[in-house]
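Residue numbers (this note's numbering): 33 to 311.
Where a beta carbon is used, it is the ideal one built from N, C-alpha and C, also for glycine.
Below you'll find the structure, written out as structure tokens, and then a few comments.
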């Protein structure tokens with residue numbers, strides 16, 4: 033599998049043929065969730081660029097950045113069974129931030145103010161900084177993102193529209209383990225007790241999806257917290273229900289509007305996020 037560290041060499045490769053390009057941005061630590069995005073991209077495009085870059089400007093916690101799993105050889109092996117038209121772009125910090133590591137500032141309005149935007153200040157500016165550069169540098173026709181990071185997808189769509197980047201943003205359903213836990217690079221850090229307890233997150237979301245019409249917001253929030261925190265290994269950071277139009281949290285449901293539940297839960301110091309549509 034071809035691995036490019038330098039953008040100019042990647043461009044030469046991409047310009048050597050005429051084909052549709054798909055982009056799957058990642059920070060490495062590849063898993064089945066990433067694989068599902070890459071397989072979808074392979075169906076839609078003649079070549080797929082999997083970017084692997086641990087972006088320092090989207091981390092709020094220096095220890096989280098330091099401990100983020102990165103092993104290029106393992107990721108290459110993980111992708112080895114895929115089409116030869118999949119290439120890896122693994123730039124270093126100087127390539128991504130030639131003028132020094134600094135996040136750009138954007139105004140995404142209400143979609144960035146709540147949930148992850150509230151609890152991880154600056155995070156979305158860091159994400160957008162790298163996504164903007166990747167899209168401008170690689171010029172893909174399509175870019176693929178998983179709905180586990182639903183709020184992030186809305187941020188990237190807003191970025192694409194406001195800057196007229198011209199790429200089609202394709203969101204793909206959250207990939208889950210057999211017991212329902214959303215697949216995440218961070219899952220590998222869970223100890224056995226935490227891993228066993230973590231299935232309560234998806235269980236509670238599914239119960240709320242079924243019972244939405246019969247419950248008020250505060251009852252739903254109480255049910256989620258009580259269900260998840262029944263295990264002493266889990267602690268809820270936030271529970272929000274937001275309109276998918278503007279991602280503003282609500283406490284009263286209106287007919288004919290679409291909503292999503294957004295949650296963040298700590299298992300020890302491992303932070304897990306998930307969301308579920310509740311139309």
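Taking 8 Å as the cut-off, the beta carbon of residue 56 is found closer than this to the beta carbon of residue 73. Following the DSSP letters along the chain, one finds residue 275 in no alpha helix (DSSP H) but inside the beta strand (DSSP E) bounded by residues 266-275.
Here residue 178 carries a strand assignment [DSSP, helix/strand/coil]. Residue 54 carries a strand assignment under DSSP once its states are collapsed to helix, strand and coil.
For residue 280, the secondary structure class from DSSP, reduced to helix, strand or coil, is coil. Beta-bridge annotation (DSSP): residue 227 is not paired with any residue. The Cβ atoms of residue 180 and residue 216 sit closer than 8 Å to each other. Residue environment analysis places residue 106 among the exposed positions, since fewer than 16 neighbouring C-beta atoms fall within 10 angstroms of its C-beta. The shortest C-alpha to C-alpha distance from residue 116 to any of 79, 135, 122 is the one to 79. Residue environment for residue 286: exposed (fewer than 16 other C-beta atoms within 10 angstroms of its C-beta).
For residue 84, the closest C-alpha among the options 101, 66, 64, 60 is that of 60. Of the other Cβ atoms in all chains shown, 16 or more fall within 10 Å of the Cβ of residue 183; this residue is therefore buried. Residue 306 has its alpha-carbon roughly 30 Å from the corresponding atom of residue 170.
A distance below 8 Å separates the beta carbons of residue 135 and residue 89.
Between residue 82 and the set 147, 91, 63, the nearest pair of CA atoms involves 63.
When the beta-carbon positions are compared, residue 252 and residue 120 stay at least 8 Å from each other. 294 is the residue among 294, 173, 51 whose C-alpha sits nearest the C-alpha of residue 241. Annotation: residue 199 to residue 160 spans about 14 Å, alpha carbon to alpha carbon. Taking all protein chains shown into account, residue 163 has 16 or more neighbouring C-beta atoms within 10 Å of its C-beta and is therefore buried. Contact check for residue 130 and residue 54: beta-carbon distance about 25 Å, past the 8 Å limit, so the pair fails to qualify. Ranking 178, 36, 108, 42 by CA distance to the CA of residue 65 puts 178 first. Within the same chain, and ignoring the five residues on either side of residue 280 in sequence, the residues whose Cβ sits closer than 7 Å to its Cβ are 142, 146, 274.
Inter-residue distance for residue 175 and residue 189 is about 10 Å (C-alpha atoms, whole angstroms). DSSP, read as helix, strand or coil, puts residue 137 in coil. Taking the Cα positions, residue 210 is about 43 Å away from residue 132. For residue 200, the enclosing beta strand (DSSP E) has its first and last residue at 200-204. For residue 299, the secondary structure class from DSSP, reduced to helix, strand or coil, is strand. Around residue 108, the same chain offers 33, 35, 120 as residues with beta carbons nearer than 8 Å, after the five sequence neighbours per side are excluded. Residue pairing for residue 294: DSSP places it in a beta bridge opposite 272, 307. CA-to-CA, the gap between residue 86 and residue 100 works out to about 8 Å.
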